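Below you'll find the structure, written out as structure tokens, and then a few comments.
2 protein chains.
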Amino acid sequence: MTTQALPREPQQDRSRATRARLLEAAVGCLASVGWAGTTVAVVAERAGVSRGAAQHHFRTREELVTAAVEYGSDVRTARMREHLDGLAGRRPSTLEVLTSLAEMYTSPLFRAALQLWVAAASDEQLRARVVPLEAKVGREAHRLTVEALGADESVPGVRESVQATLDLVRGLGLADLLTDDSARRSRLLRQWAATLEPVLHRSPPPSG
Amino acid sequence: MTTQALPREPQQDRSRATRARLLEAAVGCLASVGWAGTTVAVVAERAGVSRGAAQHHFRTREELVTAAVEYGSDVRTARMREHLDGLAGRRPSTLEVLTSLAEMYTSPLFRAALQLWVAAASDEQLRARVVPLEAKVGREAHRLTVEALGADESVPGVRESVQATLDLVRGLGLADLLTDDSARRSRLLRQWAATLEPVLHRSPPPSG
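So the protein sequences, as listed, match chains R and U. full-length UniProt numbering numbers the first residue of the first sequence as 1 and each following residue consecutively. full-length UniProt numbering numbers the first residue of the second sequence as 1 and each following residue consecutively.
Quick look at the structure:
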């Protein structure tokens, strides 16, 4: 079996790389020019891929764009997990976790996802595709946040506080859409970390 | 002066009523069909106003739509203020305030505003118009929330907690865009009220 599969691998690698380039270009395109300007042709050009090759991977922009948001979300989640693992066993502070989450929800990926969600709000066919994606992305963000905070969801109120934290950072993503909201966001996250710690039975990091 | 002004009043009233009909139709149109489908002609038809009359009030859809979101926000704010005044001096509970806010941010007005903000993210000219509007709407929502909660912003952390509450309800508005999120939202707001009360030095309502 391997002898048959081997010669095909370089081509499969190339195909996978082309696909990834298209997905990354689609996230950037959505985030900067919005849903209306994001077509397979425009994304192919941004990615430096021929229109034919792009259409071989994605027949419609609905297909391309939902795949792009899913891919971007997987990459972001993996990167945040790596960052947490890179702390080498040191427990991240509540504020570190909140800051990582806020970075995720003010990134081009969030702007791209927002364009897709808002387009789906007035397009039934797109909505049918986006609702399961939104649920999947939301579940993964929740799981990652629970792990990062070391939250015990069997304690009453903890699950709702983790959910509220995620809704809060989504609201912060929205507040950063048209203007730079970073200074206000930093103050707000410090306060939220202090408020959240007793609910999660976490202690603040040792000062000094 | 009054004798000259009098004969014009019925016409001014009609003109004001036409304008209000157009603004209300524009909010409904944006919320249901989105930015791309919201033109002056479509809104005029929804409002039962001739295209010429509509164009007399609003030359472009940018003008119409920003005026509509501002008008809708003024109406909503006034309605929430009336509701609070209607409590006849009784202090609303934290949860009552949060529930009113969440209603505002899951209403067609929020969906309309979201369509406008997201369209402005990839349209420089529209952004220049929307940024001051977003700031104004945000300031009014903040002022109303401070009043409703009786929050003392000179206490450290209170201002940030009020801001976080507004970012949270905006996040909840987003979470309700594609699916009915009301059951989860109710649980989450109860927990948020309990978390917020000690920060605001408010006591929970007497039980029983």
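Glycine included, every Cβ here is placed at the ideal spot set by N, Cα and C. Bear in mind that the values here come from a model prediction, so they are computed numbers and not experimental data.
Three-state secondary structure assigned by DSSP to residue i
i: residue 210/R; result: No answer is possible for residue 210/R: it lies beyond the span of chain R, which begins at 1 and ends at 208.
i: L95/U; result: helix
i: G28/R; result: helix
i: F110/R; result: helix
i: D152/U; result: coil
i: T39/U; result: coil
i: R90/U; result: coil
i: V137/U; result: helix
i: V118/R; result: helix
i: L60/U; result: Residue identity check: residue 60/U is Thr in the sequence provided, not Leu. Residue state, collapsed to three classes: coil.
i: G157/R; result: coil
i: M1/R; result: Confidence at M1/R is low in this model, with a pLDDT of 44, below 50, so the placement of that residue is unreliable and no value is reported for it.
i: G171/U; result: helix
i: G52/R; result: helix
i: S182/R; result: helix
i: P132/U; result: helix
i: L200/R; result: coil
i: D85/U; result: helix
i: D13/U; result: helix
i: L22/R; result: helix
i: L101/U; result: helix
i: L177/U; result: coil
i: L188/R; result: helix
Cα-Cα separation, residue i to residue j
i: P92/U; j: A151/U; result: 12 Å
i: V65/R; j: V42/R; result: 12 Å
i: residue 209/R; j: S122/R; result: No answer is possible for residue 209/R: it lies beyond the span of chain R, which begins at 1 and ends at 208.
i: L84/U; j: E153/U; result: 20 Å
i: R111/U; j: L200/R; result: 33 Å
i: E160/R; j: G86/R; result: 28 Å
i: V146/U; j: M80/R; result: 35 Å
i: T39/R; j: D180/R; result: 28 Å
i: A175/U; j: R51/R; result: 35 Å
i: T94/R; j: E96/U; result: 29 Å
i: V137/U; j: A164/U; result: 16 Å
i: L149/R; j: T195/U; result: 17 Å
i: G157/R; j: R187/U; result: 9 Å
i: S15/R; j: F58/R; result: 12 Å
i: P198/U; j: E82/R; result: 36 Å
i: E134/U; j: S107/R; result: 20 Å
i: Q11/U; j: E63/U; result: 23 Å
i: V131/U; j: R185/R; result: 18 Å
i: S182/U; j: G171/R; result: 17 Å
i: G208/U; j: V69/U; result: Unreliable positioning characterises G208/U in this predicted model, as indicated by a pLDDT of 44, which lies under 50. The coordinate reading is nonetheless provided below. Answer to the nearest angstrom: the Cα atoms are 41 Å apart.
i: P204/U; j: S203/R; result: 25 Å
i: Y71/U; j: V162/U; result: 24 Å
i: V155/R; j: T60/R; result: 45 Å
i: H56/R; j: R90/R; result: 46 Å
i: L144/U; j: L144/R; result: 35 Å
Expected contact under 8 Å - CB spacing of residue i and residue j to nearest Å
i: V169/U; j: A78/U; result: Not a contact, Cβ separation roughly 18 Å.
i: G173/R; j: Y105/R; result: 4 Å
i: L166/U; j: H142/U; result: 6 Å
i: A44/R; j: A31/R; result: Not a contact, Cβ separation roughly 17 Å.
i: A120/R; j: L178/U; result: 6 Å
i: A67/U; j: L23/U; result: 6 Å
i: T99/R; j: V49/R; result: With a Cβ gap of about 35 Å, T99/R and V49/R do not count as contacting.
i: A47/U; j: R21/U; result: 4 Å
i: S73/U; j: E124/U; result: In fact, because the Cβ distance is near 23 Å, the residues do not count as touching under 8 Å.
*Say whether the segment 111–127 of chain R touches the segment 26–42 of chain R, bearing in mind that this needs 3 or more beta-carbon pairs closer than 8 Å, one atom from each stretch.*
Taking 8 Å as the limit for Cβ pairs, the verdict is that the segment 26–42 of chain R does touch the segment 111–127 of chain R.
_With three or more beta-carbon pairs closer than 8 Å as the criterion, would you say the segment 19–27 of chain U touches the segment 188–203 of chain R?_
As far as the Cβ criterion goes, the segment 19–27 of chain U does not touch the segment 188–203 of chain R, which means the pair count is below three.
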